[in-house]
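Peer 1: Residue numbers (numbering that gives the first Met the number 0): 0 to 106.
Just so it is clear, CB atoms sit at the ideal spot from N, CA and C, and this is done for glycine as well.
Here the structure is a predicted model, which means the values were calculated and not measured.
Quick one: this structure, given as structure tokens, is what I'll be asking you about.
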Amino acid sequence: MQAASTIGTSLDFYLFVSFALFTIGAIGAMTRKNMIVLLMCIELMLNAVNLMLVTFSTYYNNGDAQIFVFFTMVVAAAEATVGLSIIIMAYRNLKSIDIDMYNKLKN
Numbered sequence: 000m001q002a003a004s005t006i007g008t009s010l011d012f013y014l015f016v017s018f019a020l021f022t023i024g025a026i027g028a029m030t031r032k033n034m035i036v037l038l039m040c041i042e043l044m045l046n047a048v049n050l051m052l053v054t055f056s057t058y059y060n061n062g063d064a065q066i067f068v069f070f071t072m073v074v075a076a077a078e079a080t081v082g083l084s085i086i087i088m089a090y091r092n093l094k095s096i097d098i099d100m101y102n103k104l105k106n
């Protein structure tokens with residue numbers, strides 16, 4: 000029970016950092032036009048959620064959320080790999096990684 004009391008004083012700090020990281024990632028994902036920056040913003044949001052899960056897992060002395068975070072990190076790594084390969088193939092075809100260029104392809 001000692002771990003819960005030591006992190007209990009700074010639980011607000013970890014939640015604030017998690018909220019700030021998620022907000023920065025969400026604003027970046029909504030405003031940026033570059034696909035690589037968009038992918039990095041999505042990764043930032045995933046890491047903010049992982050930080051929050053680990054914070055609550057430590058606060059409540061439950062290790063189940065930490066296992067879930069491990070699997071989330073594995074999926075995020077696979078998502079980054081697939082996303083970067085899609086970006087590379089898109090750049091080879093259109094010589095641009097601007098999102099607006101790919102929105103015009105719908106018409």
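Quick check: what's the CA-CA separation for ALA19 versus PHE67?
Peer 2: Your numbering for residue 19 matches position 20 in the sequence shown. Your numbering for residue 67 matches position 68 in the sequence shown. Straight-line Cα distance between these residues: approximately 22 Å.
Peer 1: Around the C-beta of GLY24, are 16 or more other C-beta atoms found within 10 angstroms, so that it is buried, or is it exposed?
Peer 2: By one-based count along the sequence shown, residue 24 stands at place 25. Buried is the call here.
Peer 1: Pair every Cβ in the region 76-87 with every Cβ in the region 58-66, then say whether three or more of these pairs are closer than 8 Å.
Peer 2: Touching, no.
Peer 1: What residue ranges within the region 2-83 form continuous alpha helix (DSSP H) runs of no fewer than 4 residues, ordered along the chain?
Peer 2: The region 2-83 contains these whole alpha helix (DSSP H) runs: 10-30, 34-58.
Peer 1: Let me confirm a value: ASN49 is counted as buried when at least 16 other C-beta atoms fall within 10 Å, else exposed. Which label applies?
Peer 2: Residue 49 sits at position 50 when you count from the first residue of the sequence shown. When all chains shown are included, ASN49 counts as buried.
Peer 1: Give the C-beta separation of ILE87 and LEU37 to the nearest angstrom, bearing in mind that I take them to be a contact with Cβ-Cβ under 8 Å.
Peer 2: Counting from 1 along the sequence shown, the entry for residue 87 is found at position 88. Counting from 1 along the sequence shown, the entry for residue 37 is found at position 38. Wrong, their Cβ atoms sit about 15 Å apart, outside the cutoff.
Peer 1: Since THR54 and SER17 are thought to touch, with beta carbons under 8 Å apart, how far apart are those beta carbons, to the nearest angstrom?
Peer 2: The sequence position of residue 54 within the sequence shown is 55, counting from 1. The sequence position of residue 17 within the sequence shown is 18, counting from 1. Contact holds; Cβ gap of about 7 Å.
Peer 1: Please classify ALA47: is it buried, with 16 or more other beta-carbons within 10 angstroms of its beta-carbon, or exposed?
Peer 2: Along the sequence shown, read from residue 1 onward, the residue named residue 47 stands at position 48. Classification for ALA47: buried.
Peer 1: Excluding the 5 residues preceding and the 5 following MET51 in the sequence, name in chain order all residues of the same chain whose CB lies nearer than 6 Å to its CB.
Peer 2: Counted from its first residue, the sequence shown places residue 51 at position 52. Cβ neighbours of MET51 beyond the five flanking positions: SER17.
Peer 1: In angstroms, rounded to a whole number, what distance separates the CA positions of MET0 and ALA89?
Peer 2: The count along the sequence shown starts at 1 and reaches residue 0 at position 1. The count along the sequence shown starts at 1 and reaches residue 89 at position 90. Because the pLDDT at MET0 is just 45, under 50, the model does not fix this residue reliably, and the point stays unresolved.
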